[in-house]
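Chains as they are written, first to last, in this note's numbering: chain U, 1353 to 1975; chain S, 12 to 211.
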Amino acid sequence: MDEPELDRRLTAIWSTPAGVWGTLSTVDHKTIGRRYIVTAFIFLALGGMLALAMRLQLSQPEARFIGPDRYNQIFTMHGTNMMFLFAVPVMEAVAVYLVPLMVGTRNIAFPRLNAFSYWIYLAGGMLLWIAFAVDAGPDAGWFAYVPLSGPEYAAGKRADIWAQMITFTEVSALAVAVEIVVTVFKQRAPGMSLDRIPLFVWSMLVTSFLVILAMPAIMIASTALILDRLVGTHFFNPAEGGDVLLWQHLFWFFGHPEVYIIFLPAVGMVSTIVATFTRRPVFGYLAMVMALIATGVLAFGLWVHHMFVAGLPRLGESFFTASSMVIAIPAGLQIFCWLATMWAGRPVFKTPFLFVIGFVVIFVIGGLTGVMVASVPFDTQVHDTYFVVAHFHYVLVGGAVFPLLGAIYYWFPKMTGRMMSETLGRWIFSLIFTGFNLTFFPMHILGLQGMPRRIYTYQPEMPWSGVNMFISLSAVILAAGFLLFFIDVIRSAKSGSAAPANPWGASTLEWATASPPPSYNFGRLPVVGSLEPLSDNPETLPVATGLSVNRRELVVTSLVEALPQARESSPGNSIWPLWSALATTAMLIWSIFTPWAVVWGSIPVAITLVGWFWPKGVPEDDS
Amino acid sequence: MRESVVYDLTNLPPHGLGTASLTWWGTLAFMLIEGTGFALSIVVYLYLMSLTPQWPLNAPPPDLLAGTVLTVLLVASLLPNILIARWAREQDLPKVRIGLIVMSLFGAAPLTPRFFEFSAMHIKWDQNAYGSIVWVMLGLHTTHILTDLIETLVLTCLMFSRHGDNPRRFGDVSDNAMYWNFVVATWLPMYVCLYWAPRL
């Protein structure tokens, strides 16, 4: 059949219904991905405001803007929000949108689970922020060490709210990780063998395995904390055979892989942008993939890195020092591959590429201080000072937020069909890069001068006043950059110039479909013959035909060679994921107050899950 | 850009079986997540055990009867489970229906000895860390038995409904059998840990 007829038939079966019903029942990965991204950036903005409040309080000694209790909530909220509600979810969100397109399929695997994961994420974020708004925000730090967060020192419900928010966000993250793994393993376009998978997709695959293996640790830790607080267990009570270090082991077994859960997607973004704006594939594809996998493996050998001052056996410290340093090797290898690509290519300095350059500069600085704090003697000196604050902001902002902003400029045209402003982009990059370095580099100095982190004020006699004021003023520049970014996003989404299907002349499959993509992604699935399918023959795209135009259908391919194995139905729109998320939310929040909530609350959860899974008698279910 | 048809998918089967099924991989991924959780709970048990010269804390070793009965039941359930997985692959609806009833019974049967296991531990969850970890481990595994039992019951209803005779449903039955294998497999190291480690 001809193109218009194909489009009409496919749109009829794949599209999301208009109106509220469609909004609530959609299973389109692009709609859900966009929703996730927007929500994550709202949390970023909220967390940024908290940071400004902290900087205002610290700009002068003995300031009165924020009292100590509220300050404790604010730094806890800032860290928790950025790590659990922004950084991990936004990376998974970008993957939800892009991975199916980049592997050449029509939807993510388990699209109803995808819808569920978004609602659960939203509920967890709202729980945390509503609690903060009513002065019940957590205040024991973003990693909630016991005994500070235990029943003796954290009476009331603040720590329980934090711990339950963990359950929400980890359920969501694990669900998305499963979807990504199965989409990459089994839904790649015919011909996209393992050595033809885009580097961004490889990054998300490794990241998803990190999520699957690391996040159960934080769920067990937070569940044990809830049980200690609610029903009198003794996991962390040394007087009854428990151990406070148990929390730290479980938390950091999750927490250091989390750094890579945030960093590796950014690595994939960088690779994609470098390839496109140098007009050549990234140097050393195989080495890049092996570095990604090595980083994922080594991420699990580092957790005690965060506990060097906790009094551990010397031999253990030596092992963790060595593994902390070893991880610099795959990271360094990737840096050199990107530099080699840039050196040999013809860089085009568009905004996405500027953010990549910013990433390289800032991340390398963070990496250098990372090697410093990997050393036990040095870390003993700077632990819990502003040196560490500077280090991890260089690593996380440089290593994740800069590539993310570059990725937004890069893929925004695909997601919305409109270009962002190149002029504003350069201003935004300049403000954010300058503001970031002026804000966080001086913190290394403060840390070496001994300023502790997490203090709400300091005495005028300490030699910290001038640097703190400088930092606070610089934070305004950084904030201005982000404000301008949000303005550019909103303005461009409304009235940016129209984006063609492939505005950058890129070579990955998402650029083979329209901007924005239709609900079915590809009218006929692309067939892949190399690592750069759109560069093989710029005028003609090889495709596969034969999928149904009467039901939602995609192709399942084999793991290694991506040979077609079966056609498979993709579930249609359903309201049940929302009901399941609401039932789960009710159960989890209720369980903050009584353990019986788990017993009675699981009944509506079970009912909604049966409603979800029961066949609806539509072609996708029964043919 | 112009499209060039190089592949025709029309003759592929409309649903994959085994490793060609998306839900098979989804089940495997969830087993990996939950397996990590079980492994970590055993690590916590061994970690707490390593901190003290005496283990169990302020309690005798658990009685063996209930735990051993449960273990025997779970291992015995593997035979009908293997059969139902085979019948599902063969898409033999009458046998699958019988198999699901049998597996529903085998899913429910362990709950009785499980109930007695809690008291066989001779300690409550709020007495000390030993009590806390053993109750949580038993509770964690009970959650998995209940989850699989409910899914088996739903599948039983489904296979007796008009939706039953469908390759997709047979795939669901097969995946559910795979998951039950996992529930049994995760119990064995926990049994060794809970019942025999305190006797070392």
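Virtual Cβ for every residue (Gly too), placed ideally from N, Cα, C.
In this text the structure is predicted, and so the values were computed from the model without any measurement.
- With a beta-carbon spacing of about 7 angstroms, ARG1540/U and GLY1456/U fall inside the 8 angstroms limit used to define contacts.
- In this structure SER143/S does not touch THR1575/U by the C-beta definition: roughly 11 angstroms separates them, more than the 8 angstroms allowed.
- The beta-carbon separation of PHE1484/U and GLN1425/U, rounded to 6 angstroms, stays under the 8 angstroms limit for a contact.
- Residue pairing by DSSP places SER15/S opposite PRO1894/U in a beta bridge.
- Residue pairing by DSSP puts LEU1906/U in a beta bridge opposite GLU1920/U.
- Rounded to whole angstroms, the Cβ separation of ASP1359/U and PRO1870/U is 7 angstroms, and the two are in contact under 8 angstroms.
- Counting only residues of its own chain and dropping the five nearest sequence neighbours on each side, SER1501/U has a CB closer than 7 angstroms to the CB of ALA1492, ALA1511, LEU1577.
- By the Cβ-count criterion, PHE1945/U is exposed, with fewer than 16 other Cβ atoms from all chains shown falling within 10 Å of its own Cβ.
- In the structure shown, PRO1804/U adopts extended strand secondary structure according to DSSP, grouped into three states.
- Pairing GLU1884/U with SER1859/U gives a Cβ-Cβ distance under 8 angstroms.
- Shown here for MET1814/U: not one same chain residue has a beta carbon closer than 6 angstroms to its own, the five before and five after excluded.
- For GLN65/S, the closest C-alpha among the options THR1378/U, VAL1536/U, GLU1592/U, TRP1554/U is that of GLU1592/U.
- Going by beta carbons, PHE1788/U and ALA1742/U fall outside the 8 angstroms limit.
- For VAL1713/U, the closest alpha carbon among the candidates PHE1561/U, ALA1752/U, PRO1490/U, ARG1631/U is that of ALA1752/U.
- The continuous alpha helix (DSSP H) containing PHE1711/U extends over residues 1703 to 1725.
- When the beta-carbon positions are compared, PRO1452/U and ASN1873/U come within less than 8 angstroms of each other.
- ARG1778/U and ALA1832/U have their C-alpha atoms spaced approximately 13 angstroms apart.
- Taking 4 residues as the minimum length, the alpha helix (DSSP H) runs contained wholly in the region 106 to 144 of chain S are 122 to 131, in order along the chain.
- With 16 or more other Cβ atoms inside 10 Å of its own Cβ, GLN1409/U counts as buried.
- Here the alpha carbon of HIS1381/U sits roughly 12 angstroms from the alpha carbon of MET1767/U.
- Using a CB distance below 7 angstroms, the part of the region 1538 to 1568 of chain U facing chain S consists of LYS1538, PRO1542, ILE1564, LEU1565, PRO1568, ordered along the chain.
- With a beta-carbon spacing of about 5 angstroms, PHE1635/U and THR1693/U fall inside the 8 angstroms limit used to define contacts.
- At least one C-beta of chain S is nearer than 8 angstroms to the C-beta of LEU1893/U.
- Within chain S, no residue has its CB atom less than 7 angstroms from the CB of VAL1912/U, the nearest being about 12 angstroms off.
- Residue pairing by DSSP places PRO1878/U opposite VAL1895/U in a beta bridge.
- Going by beta carbons, LEU90/S and GLY1898/U fall outside the 8 angstroms limit.
- Each residue's CA atom was taken as its position, placing SER1377/U and TRP1931/U some 10 angstroms apart.
- Rounded to whole angstroms, the gap between the alpha carbons of VAL1530/U and LEU1800/U is 43 angstroms.
- Just measuring C-alpha positions, the residue of PHE1764/U, ASN1820/U, MET1795/U sitting nearest ALA1853/U is PHE1764/U.
- The CB of VAL1708/U never comes closer than 7 angstroms to any CB in chain S; the least such distance is about 27 angstroms.
- ALA1850/U is bridged by DSSP to ARG1770/U.
- Put simply, the backbone Cα of ALA1643/U is about 37 angstroms away from that of PHE1587/U.
- Closest by C-alpha distance to TRP1690/U, out of VAL1708/U, THR1673/U, MET1677/U, is VAL1708/U.
- Closest option to ASN1433/U, judged by alpha-carbon separation, among PRO1490/U, ALA1447/U, THR1383/U, ASN1466/U: PRO1490/U.
- When Cβ pairs closer than 8 angstroms are counted between the two stretches, the region 1457 to 1477 of chain U is seen to touch the region 1391 to 1411 of chain U, the count reaching three or more.
- Between the alpha carbons of GLU45/S and PRO1568/U lies a gap of roughly 8 angstroms.
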